[in-house]
Amino acid sequence: MTEASLPKTYDPAGTESRWQQAWEQAGAFHPDPNAPGEPFAVVIPPPNVTGSLHMGHAFNTALIDTIVRFQRLQGKNVLCLPGTDHASIAVQTILEKQLKAEGTSKETLGREAFLERAWAWKAESGGTIVGQLRRLGYSVDWRRERFTLDAGCSEAVIEAFVRLHEQGLIYRGEYLVNWCPASGSAVSDLEVEMKEVDGHLWHFRYPLSSGAGFLEVATTRPETLLGDTAVAVNPKDPRYADLVGQSLTLPLVGREIPIVADDHVDAEFGTGCVKVTPAHDPNDFAIGQRHDLPLITVMAKDGTMNAAAGRFAGLDRFEARKAVVAAMEAEGFLVKVEPYRHSVPFSDRGKVPVEPLLSTQWFVRTEPLAARCREALEQADPRFVPERWSKVYRDWLTGIRDWCISRQLWWGHRIPAWFVVSETGGTITDSTPYVVARSEAEAREKAEAQFGGGTHAHPVVLEQDPDALDTWFSSGLWPFSTLGWPNTDAADLARWYPTSVLVTGFDIIFFWVARMTMMAGAFTGQMPFRDVYIHGLVRDENNRKMSKSAGNGIDPLLLIDRYGTDALRFALVREVAGAGQDIRLDYDRKSDTSATVEASRNFANKLWNATRFALMNLGGETPASLGEPDPAALQLADRWILSRLARVNRDSAERYGSYGLGEAAKGLYEFAWNEVCDWYLELIKRRLNPGESPSAAALADQRTARQVLAKVLMQLLVLLHPLMPHLSEELWHGLTGEPEATFLALQSWPALDEAALNDQLEASFAELIEAIRVVRNLRAVAGLKPAQPAPVHFVTGRTDLAALLREATPDITALTRAESVAVLNPAAAEASRGQRALAGVCGELQVLLPLEGLVDLAALRSRLEKDLAKATKEITGLTGRLANPNFAGKAPPEVVAECRANLAEAEAQAELARTRLVELG
RNA sequence: GCCCGCUUAGCUCAGCGGUAGAGCGCCUGCCUUACAAGCAGGAUGUCGUCGGUUCGAAUCCGGCAGCGGGCACCA
């Protein structure tokens with residue numbers, strides 16, 4: 000980038016890809032565990048290999064990368080580790096859909112061929128995702144990229160499973176699980192979503208076996224009636240007290256079922272009688288256990304009725320519902336049907352109602368793991384940001400239920416358990432003994448020891464459990480499996496574990512965050528990260544969560560193509576502000592444009608042009624060749640911008656370091672645009688261009704201005720780098736002329752120049768800016784053409800303000816096109832009374848534009864009337880406040896003093912305006 | 001049912017005890033040799049509602065309403 004070749008607008012595309020390549024080729028983000036520096040580690044939330052990234056990933060990436068780039072500038076030894084997740088059920092669903100479209104199925108293909116296909120899919124989708132992550136400018140270490148199903152992660156999964164099993168924290172058993180008929184697998188409680196559905200409440204009569212009448216029960220699921228094994232009533236319900244213990248004859252089936260008394264039944268609801276189907280309903284299952292009721296499963300795993308359903312066998316569960324109702328009606332057992340809105344559990348993935356089904360599965364005993372996490376949380380370990388999410392986390396860990404981890408899927412970590420099928424006639428049954436081991440060889444060893452001995456005539460035959468593990472089981476190990484665990488000597492693990500912060504959305508606190516802390520507690524004895532930074536979700540223009548399934552996702556690459564990565568990142572971060580709220584990204588789907596991102600693109604362009612301006616005005620020098628400015632030579636504007644720079648340096652470091660990323664972005668935006676560009680650059684133009692044959696003093700001053708300009712821009716680029724890495728890198732090289740082998744990304748955060756901080760100077764400068772604004776406003780009101788010079792008079796009794804205005808007279812002249820600037824005290828101003836002038840006030844300053852003959856009288860009057868109204872309103876408010884005796888008595892003295900000063904000022908302003916109005920006649 | 005968040009300018013959101021801000025949009029005037037993706041100026045709000053605490057509340061507390069979310073769930 001050279002001055003000559005510098006276009007007027009910033010073109011992100013070329014710049015961004017160039018730096019992404021340069022960083023990667025140089026291994027800029029490959030940390031060395033043996034390097035010095037305080038360790039700082041982040042493992043990224045691995046995106047699912049289900050296709051491509053969406054805006055939520057871009058958001059998460061922007062936040063994480065901003066944090067790690069900042070920490071790198073702080074001199075930390077930063078590891079940011081990327082990777083992807085195999086997303087067992089999601090990927091398998093996609094693949095099965097593909098196969099179905101091709102007229103085949105995974106069963107036809109066979110397990111091996113299916114997995115080959117899955118790996119091919121992973122290669123493609125994973126490649127797409129990694130490419131997208133690169134385009135986001137992610138400063139991760141690609142050498143350490145991991146995949147939850149890679150060899151290392153798989154070893155960790157097996158080790159974790161075996162150890163938990165040894166500790167009795169994994170067990171196998173037959174329980175009611177959430178069965179998803181669409182994916183043909185069990186799913187965990189978390190993968191079930193309750194949905195309000197308009198259904199019916201069918202009331203049926205169940206005849207007493209004694210023939211002495213009926214009991215009326217109500218159900219939303221008539222088909223389960225076939226598996227009823229009791230009817231329950233509340234033990235305190237007088238209506239049925241004498242019936243408890245008697246039996247009913249189940250219609251359509253003819254089974255004798257008992258009437259039991261159970262507290263679960265609400266006597267107030269319906270008839271107070273509940274049909275009990277222990278094998279198809281969690282509550283009924285519990286009742287069944289309490290009363291030792293038989294479990295009759297009437298449905299198969301594909302959602303059709305099984306042989307136990309008698310004449311309904313083979314029907315789909317929803318057809319069976321209709322058929323059962325029809326049969327009940329035909330046989331006179333149907334009392335009535337009511338419309339009924341109720342919650343139905345749906346499978347997250349399959350999008351069909353889940354079926355509570357009795358099934359033998361593997362479970363993790365979660366309570367001991369959760370207890371450890373709850374204890375750690377007492378010490379704010381990990382620390383949640385914002386804090387309120389810790390409550391959500393804790394509540395979930397309290398009263399947690401066991402975790403069903405087996406899935407009837409092929410794509411995933413196969414469960415490391417081997418059934419000794421030789422004990423049960425060559426097939427796996429619920430009673431087949433098994434061994435859990437790290438490998439088939441180890442399993443054989445264990446099995447031989449147990450079953451191979453003398454009394455057994457037949458050889459030991461093993462068969463591995465065909466099921467896979469819940470994806471989140473491996474995700475739970477992510478913060479340490481990626482660092483080398485179970486090898487506890489791994490250098491990365493020693494150096495970077497526990498990690499520094501986990502950055503993720505609130506939607507996976509249970510799924511992922513809690514699973515990681517439970518696993519980490521069990522295997523590493525520590526919580527896996529110090530902080531958990533929870534951010535909101537990206538919502539669309541209609542405030543709906545963006546998701547692939549809702550079809551309202553926005554491809555981040557589309558916005559990157561249009562506006563650049565840095566603009567997208569800046570826009571996303573700027574919107575968060577730090578409260579953990581969701582962000583709504585405005586977006587026009589017709590044109591693929593976003594005003595928010597466009598604003599950030601414009602900001603990037605502004606920075607580009609500020610640097611371009613510098614390159615055109617530094618006289619071919621670099622910040623290094625110019626050196627530090629001489630403090631004694633600094634002008635007012637220099638001291639002001641250096642004070643502001645120091646403050647912004649301090650504030651942004653504080654904000655970046657405490658997850659106030661949005662505030663950091665806003666602060667830098669304002670500083671760069673509204674202070675550096677709007678004021679400082681304008682103020683120094685005059686000094687940078689001293690004209691023909693300048694004096695030695697003017698040349699020295701030009702150099703000072705150049706030095707300060709260079710310093711401000713250089714520092715600003717470092718401060719902005721975490722947010723806009725490519726642009727800042729490009730501009731930094733443009734200014735420094737450094738070869739591409741060195742990177743801004745690897746520089747140090749600039750030291751804070753405490754001495755430059757000057758509150759008083761900043762306050763004074765704010766007054767100067769205000770004064771200039773008033774002049775400009777008056778000129779606009781007067782309708783003066785921008786180029787037309789006009790005299791300016793300032794009148795103030797404050798000597799410091801007068802001095803400031805005199806010192807800044809050349810600046811004022813330049814910025815207001817003043818013909819002349821006079822700073823007068825009130826007495827001197829009396830002399831010019833009577834002259835027709837446009838007048839304005841700000842603070843303790845009168846601004847006059849003596850424009851005899853040029854002034855539009857009506858404009859003048861309206862301006863004065865406006866000032867008067869404003870002052871009067873303020874006077875009323877302030878007078879009222881001061882009149883309150885309690886105010887003077889109880890408010891802090893400085894507040895009262897400030898109030899009095901404001902009143903005096905407002906009164907002076909009002910007086911001035913009135914006088915002028917009178918003079919106008 | 002329990003828990004959490006939100007309600008501020010037309011839109012998207014900051015502010016979180018001293019009397020209201022930004023970006024976008026809008027109006028007026030400008031191609032002023034960094035930038036029209038720009039510059040200068042301007043307009044716009046009983047800060048959801050009722051009450052309380054306080055000298056003072058957009059800001060703290062409570063009630064209510066609306067919106068959003070999480071957890072649990074009675075057939």
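So the first sequence is residues 0 to 920, counted in numbering that gives the first Met the number 0. For every residue, glycine included, the Cβ atom is placed at its ideal position computed from N, Cα and C.
For this session: Write down every uninterrupted run of the beta strand (DSSP E) in the region 820 to 876 whose length is 3 residues or greater and which is fully enclosed by it, in chain order.
Result: Within the region 820 to 876, the complete beta strand (DSSP E) runs of at least 3 residues are 836 to 841, 844 to 849.
Exercise. Taking buried to mean at least 16 other C-beta atoms within 10 Å of its own C-beta, is A838 buried or exposed?
Worked result: It counts as buried.
Exercise. Roughly how many whole angstroms lie between the Cα atoms of G520 and V176?
Worked result: A direct Cα-to-Cα measurement between G520 and V176 gives close to 26 Å.
Exercise. What are the start and end residues of the beta strand (DSSP E) that includes T359?
Worked result: Looking at the DSSP string, the run of the beta strand (DSSP E) that includes T359 is 354 to 363.
Exercise. From this set, R573, V780, E766, L719, which residue's C-alpha is nearest A636's C-alpha?
Worked result: E766 is the residue among R573, V780, E766, L719 whose C-alpha sits nearest the C-alpha of A636.
For this session: Count the CB pairs spanning the region 635 to 649 and the region 769 to 785 that are closer than 8 Å, and state whether there are at least three.
Result: With a cut-off of 8 Å on Cβ pairs, the region 635 to 649 is not in contact with the region 769 to 785, counting fewer than three such pairs.
Exercise. When the Cα atoms are used, what is the spatial distance from L712 to E15?
Worked result: When rounded, the distance between both Cα atoms is 20 Å.
For this session: Decide yes or no for the touch test of the region 91 to 105 against the region 115 to 126: beta carbon pairs closer than 8 Å, at least 3 of them.
Result: Cβ pair count under 8 Å is three or more, so yes.
For this session: Pull up the distance between the alpha-carbon of L680 and that of M615, whole angstroms please.
Result: Going from the Cα of L680 to the Cα of M615 covers about 12 Å.
Exercise. I think A826 touches H792, with their Cβ atoms under 8 Å apart; what is that distance to the nearest whole Å?
Worked result: So it is not a contact: roughly 14 Å between Cβ atoms.
Exercise. Which word fits L698, buried or exposed, when buried means at least 16 other C-beta atoms lie within 10 angstroms of its C-beta?
Worked result: By the neighbour-count rule (16 or more Cβ atoms within 10 Å), L698 is not buried but exposed.
Problem set entry | Spatial distance of S651 from G666 (CA atoms) | The alpha-carbon atoms of S651 and G666 are separated by roughly 7 Å.
Exercise. Can you tell which of P293, D10, I43, P277 has its C-alpha closest to the C-alpha of L933?
Worked result: Absent from the model: residue 933. The displayed extent of the chain is 0 to 920, so no value can be given.
For this session: Could you pull the start and end residues of the alpha helix (DSSP H) that F203 belongs to?
Result: Here F203 belongs to no alpha helix (DSSP H); instead the beta strand (DSSP E) covers 191 to 206.
Problem set entry | Distance between R685 and S747 (C-alpha atoms, nearest Å) | S747 and R685: Cα-Cα distance of roughly 33 Å.
Exercise. Who are the Cβ neighbours of K75 in its own chain at under 6 Å, not counting the five residues just before and after it?
Worked result: Excluding positions up to five away in sequence, the list reads G36, E37, F39.
For this session: Pick out the complete beta strand (DSSP E) segments inside the region 309 to 389, 3 residues or longer, and give them in chain order.
Result: Secondary structure remark: continuous beta strand (DSSP E) runs of at least 3 residues inside the region 309 to 389, in chain order: 333 to 346, 354 to 363, 382 to 384.
Exercise. Mapping DSSP to helix, strand and coil, what is D261?
Worked result: If DSSP states are grouped into helix, strand and coil, D261 belongs with coil.
For this session: May I have the straight-line CA-CA distance separating F510 from L189, to the nearest angstrom?
Result: So the two alpha carbons sit approximately 7 Å from each other.
Exercise. Is it a yes or a no for the region 148 to 159 touching the region 319 to 333, going by three-plus beta-carbon pairs under 8 Å?
Worked result: At 8 Å Cβ cutoff, the stretches do not touch.
Problem set entry | Beta-carbon proximity of H720 to L745, cut-off 8 Å | The answer is no: Cβ separation not under 8 Å.
For this session: Would you please state the rounded distance, in angstroms, between the beta carbons of D394 and T365? I believe it to be under 8 Å.
Result: Between D394 and T365 the beta-carbon gap is near 14 Å, outside 8 Å, which marks them as no contact.
For this session: In the DSSP assignment, find the unbroken beta strand (DSSP E) run with Q463 in it and report its ends.
Result: Bounds of the beta strand (DSSP E) holding Q463 are 461 to 463.
Exercise. With a CB to CB cut of under 7 Å and the five nearest residues on each side skipped, what residues in its chain are close to R649?
Worked result: Once the five neighbours on either side are set aside, the close Cβ partners of R649 are L751.
For this session: Let me know the secondary structure DSSP gives V894 once reduced to three states.
Result: Helix, per DSSP.
Problem set entry | Whether V895 touches A61 by CB criterion (8 Å) | Cβ atoms of V895 and A61: not closer than 8 Å.
Problem set entry | Per DSSP, the bridge partner or partners of K544 | As computed with DSSP, K544 is found in a beta bridge with R538.
For this session: In the DSSP assignment, find the beta strand (DSSP E) that holds N177 and state where it starts and stops.
Result: Note, N177: beta strand (DSSP E), 169 to 179.
Exercise. Leaving out five residues before and five after L501 in sequence, what residues of the same chain have Cβ atoms less than 6 Å from its Cβ?
Worked result: Answer for L501: F528, V531, listed in chain order.
Problem set entry | From T248, P344, E215, A755, residue whose alpha carbon lies closest to that of L333 | Ranking T248, P344, E215, A755 by Cα distance to L333 puts E215 first.
Problem set entry | Counted within 10 angstroms of its Cβ, other Cβ atoms place H341 as buried (16 or more) or exposed | Under a 10 Å Cβ-count criterion, H341 is classified as exposed, with fewer than 16 other Cβ atoms of the shown protein chains found around its own Cβ.
Problem set entry | Spatially closest choice to D758 from A645, R805, K7, by CA coordinates | Nearest option by C-alpha distance: A645.
Problem set entry | Local conformation of Y392 per DSSP, three classes | Y392: helix per DSSP, three-state reduction.
Problem set entry | C-alpha gap between S438 and T296, whole angstroms | Approximately 35 Å, taken between the alpha carbons.
For this session: Using the Cα positions of Q580 and I768, report the straight-line distance between them to the nearest angstrom.
Result: So the alpha carbons of these two residues sit roughly 35 Å apart.
For this session: Taking only the alpha-carbon atoms, compute the straight-line gap between F317 and G302 and give it to the nearest angstrom.
Result: Computed Cα separation, rounded: 9 Å.
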